[in-house]
Each structure stands twice: as structure tokens, then as C-alpha cells.
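Visitor: What follows is a single structure, and I will ask about it in a moment.
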Amino acid sequence: MEEKSDFKEFDTQKNPLTRKSLLPGWIKFFSWFFLLVGTAGILILAVGFFLNDTTLSLYGLKTEQPYSITGFIVCYLYIFKGIVSYGLLFEKKWAPVAAIIDAVLGIIICILMMAVVPFISETIHFTIRLELIPLYYYITKMLEIRKTWINI
Numbered sequence: 058m059e060e061k062s063d064f065k066e067f068d069t070q071k072n073p074l075t076r077k078s079l080l081p082g083w084i085k086f087f088s089w090f091f092l093l094v095g096t097a098g099i100l101i102l103a104v105g106f107f108l109n110d111t112t113l114s115l116y117g118l119k120t121e122q123p124y125s126i127t128g129f130i131v132c133y134l135y136i137f138k139g140i141v142s143y144g145l146l147f148e149k150k151w152a153p154v155a156a157i158i159d160a161v162l163g164i165i166i167c168i169l170m171m172a173v174v175p176f177i178s179e180t181i182h183f184t185i186r187l188e189l190i191p192l193y194y195y196i197t198k199m200l201e202i203r204k205t206w207i208n209i
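One rule links them: number in our numbering = place in the sequence shown (from 1) + 57.
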């Protein structure tokens with residue numbers, strides 16, 4: 058005989074919280090975008106010998122040759138962003154920590170390209186990196202949902 062519980066409605070949740078529901082729409086959109094960009098980064102590294110003029114740019118790093126130091130850095134950043142996007146979209150436990158590392162790395166590179174490199178290189182001029190604005194909101198949101206994400 059099954060015992061009837063007065064708390065049965067509290068034992069089962071009608072709308073269980075998912076990790077993906079913690080992400081705002083704009084992060085989901087950019088995650089899909091960077092998942093594709095990460096795949097493109099792998100392809101660019103794989104067939105870079107056959108590509109003559111390929112403009113790669115991220116966070117102020119710009120190159121036209123995939124097999125240069127800057128090209129490798131940009132491609133690896135694309136691939137890392139793709140891995141982070143995969144983790145966020147497919148609800149991996151490590152995703153918020155990787156996203157925080159991604160955002161911190163992006164902020165550091167933007168600040169270096171904005172405040173240091175123009176004084177070292179004659180070909181690069183001072184520009185305000187607008188990528189810092191979404192990176193700020195991105196890192197803030199990831200810090201906010203990190204504990205909840207891990208505990209789900």
C-alpha cells in the first residue's frame with residue numbers, strides 16, 4: 058500500500074530548471090555564431106596553405122595570412138570560442154568557467170591592442186575596442202550563473 062504524502066506537489070517540479078534556460082538570448086545567439094566560427098578556425102588551419110588572402114581579425118588582432126603568429130593566435134582564439142560555445146549550448150558543467158576564461162582573455166587582448174600596441178608599433182594606431190562592452194556583460198552574466206549552473 059502506497060502512503061499518501063501531503064507534500065507530493067513539492068516533491069516533483071513541474072518546470073525543472075535547465076542550464077540552457079540560464080543563458081540570455083543574446084548569449085545563445087553568439088554561442089551558435091562562435092560555434093560556426095570555431096569550425097571555420099579549424100578549417101582555416103587545415104587548408105591554410107591553399108588560401109592566399111584570408112583576412113582574420115579578432116579583438117584588434119588582424120592578419121591576412123593564416124600561417125603567421127597572429128594568424129595562429131586568431132585561429133586558436135576562434136577554436137577556443139567554439140569550444141566554449143559548445144559547452145554553453147550543450148550544457149556542459151565546465152562551460153561557465155571556460156566562458157569566464159574566454160571573457161578575461163578577450164578583455165586582456167583588447168586592452169593590450171588598445172593601450173599598449175599603438176605605442177610599440179608604427180602601423181597600428183590607437184582605437185577604442187568596442188568589444189569590451191559585450192565582454193563586460195558576458196563576464197558579468199557568467200559570474201552570476203556559474204554556481205547555479207554547476208549545481209544543476
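Heads up, the beta-carbon is just placed ideally off N, CA and C, and yes, glycines get one too.
None of these values were measured; they are calculated from a predicted model.
In this structure, does DSSP put residue 120 in helix, strand or coil?
Guide: Numbered from 1 along the sequence shown, position 63 holds the residue referred to as residue 120. Residue 120: strand per DSSP, three-state reduction.
Visitor: Below 8 Å on the Cβ atoms is my guess for residue 108 versus residue 131; work out the distance and round it to an integer in Å.
Guide: As a first step, residue 108 is located in the sequence shown; it is residue number 51 there, counting from the start. As a first step, residue 131 is located in the sequence shown; it is residue number 74 there, counting from the start. That belief does not hold up - the Cβ atoms of residue 108 and residue 131 are roughly 13 Å apart, past 8 Å.
Visitor: Please name the residue or residues paired with residue 115 in a DSSP beta bridge.
Guide: Stepping through the sequence shown from its first residue, residue 115 is reached at position 58. In the DSSP output, where bridge partners are listed per residue, residue 115 has 118.
Visitor: Quick one: what does DSSP say residue 108 is sitting in, helix, strand or coil?
Guide: Within the sequence shown, residue 108 is the residue found at index 51, counting from 1. Residue 108: coil per DSSP, three-state reduction.
Visitor: Alpha carbon to alpha carbon, how far is residue 200 from residue 155? Give it in angstroms, no decimals.
Guide: Start at 1 with the first residue of the sequence shown, and residue 155 comes out as number 98. Start at 1 with the first residue of the sequence shown, and residue 200 comes out as number 143. When rounded, the distance between both Cα atoms is 11 Å.
Visitor: Please state whether the Cβ-Cβ distance between residue 160 and residue 133 is less than 9 Å.
Guide: In the sequence shown, residue 160 corresponds to position 103, counting from 1. In the sequence shown, residue 133 corresponds to position 76, counting from 1. Against a cut-off of 9 Å, the Cβ pair of residue 133 and residue 160 comes out as no contact.
Visitor: Whose C-alpha, out of 174, 163, 178 and 208, is nearest the C-alpha of residue 189?
Guide: Translated into positions along the sequence shown, residue 189 becomes position 132. Among 174, 163, 178 and 208, the Cα nearest to that of residue 189 is on 163.
Visitor: Taking the alpha-carbon positions, what's the residue 158 to residue 179 distance?
Guide: Taking the first residue of the sequence shown as position 1, residue 158 is located at position 101. Taking the first residue of the sequence shown as position 1, residue 179 is located at position 122. Each residue's Cα considered, the two are about 30 Å apart.
Visitor: By Cβ distance, which residues of its chain are closer than 7 Å to residue 175, with the 5 residues on each side in sequence left out?
Guide: For the purposes of this step, residue 175 is taken as residue 118 along the sequence shown, with counting starting at 1. Within the same chain, residue 175 has close Cβ partners 181, 182 and 183.
Visitor: Tell me whether residue 138 is buried or exposed, calling it buried when 16 or more other Cβ atoms sit within 10 Å of its Cβ.
Guide: In the sequence shown, residue 138 corresponds to position 81, counting from 1. By the neighbour-count rule (16 or more Cβ atoms within 10 Å), residue 138 is buried.
Visitor: Would you kindly work out how many angstroms separate the C-alpha atoms of residue 98 and residue 118, rounded to a whole number?
Guide: Locating residue 98 in the sequence shown gives position 41, where the first residue counts as 1. Locating residue 118 in the sequence shown gives position 61, where the first residue counts as 1. Taking the straight line from one Cα to the other gives about 15 Å.
Visitor: Hey, quick one: how far does the alpha helix (DSSP H) through residue 203 stretch, first residue to last?
Guide: For the purposes of this step, residue 203 is identified with residue 146 of the sequence shown, where counting begins at 1. That run of the alpha helix (DSSP H) goes 189-208.
Visitor: Put residue 176 into one of helix, strand or coil per three-state DSSP.
Guide: Position 119 of the sequence shown holds residue 176. The answer is helix: DSSP assigns residue 176 an H, G or I state.
Visitor: Hey, quick one: how far does the alpha helix (DSSP H) through residue 129 stretch, first residue to last?
Guide: For the purposes of this step, residue 129 is taken as residue 72 along the sequence shown, with counting starting at 1. Counting along the chain, the alpha helix (DSSP H) containing residue 129 begins and ends at 126-146.
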